[in-house]
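Residue numbers (our numbering): 18 to 172.
Ideal Cβ placement from N, Cα and C applies to all residues, glycine included.
None of these values were measured; they are calculated from a predicted model.
Dropping the structure here:
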């Protein structure tokens with residue numbers, strides 16, 4: 018399993034670097050996204066033992082990261098089957114995080130599966146809520162910073 022996880026980490030890294038350096042438009046924020054995304058891939062890889070990581074779960078996690086990086090091609094401005102691309106990305110990250118956490122908690126903690134079936138989704142929703150609140154606050158700060166010295170109000 019360790020070798021499979023290493024192959025997954027290397028392939029995901031190559032794809033992310035390739036998208037950033039060869040496919041992202043010059044000046045795009047995605048040009049350097051691999052600098053932020055590769056540490057996520059490798060952190061999960063190095064925590065594979067405490068997480069009781071299965072290759073199938075790691076593939077799902079790496080795929081979620083790569084799908085997130087499809088923003089390089091403007092996917093975050095598009096809708097698929099009536100939902101924004103961002104909705105699919107959030108769903109995939111929540112689902113994969115739930116798989117990883119459920120597996121790790123089942124293997125490493127002495128908690129009942131019945132508790133975990135309810136506790137893991139609630140925890141993941143809480144972390145997702147904090148992530149959204151932090152993202153919103155940072156966007157507000159960026160908007161305030163970018164309008165400093167100009168007249169007018171923020172939208």
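{"Query": "Three-way DSSP call (helix, strand, coil) for residue 97 in this model", "Result": "strand"}
{"Query": "Interface flag, residue 117 vs chain C, CB-CB below 9 Å", "Result": "Any reference to chain C falls outside this structure, which holds one protein chain only."}
{"Query": "Coil, strand or helix - residue 37 by DSSP", "Result": "helix"}
{"Query": "Collapsed DSSP secondary structure at residue 64 in the structure displayed", "Result": "coil"}
{"Query": "Among 67, 66, 105, 40, nearest to residue 90 - alpha-carbon criterion", "Result": "40"}
{"Query": "Length of the line joining the Cα atoms of residue 69 and residue 161", "Result": "43 Å"}
{"Query": "Exposed unless 16 or more other CB atoms sit within 10 angstroms - verdict on residue 29", "Result": "buried"}
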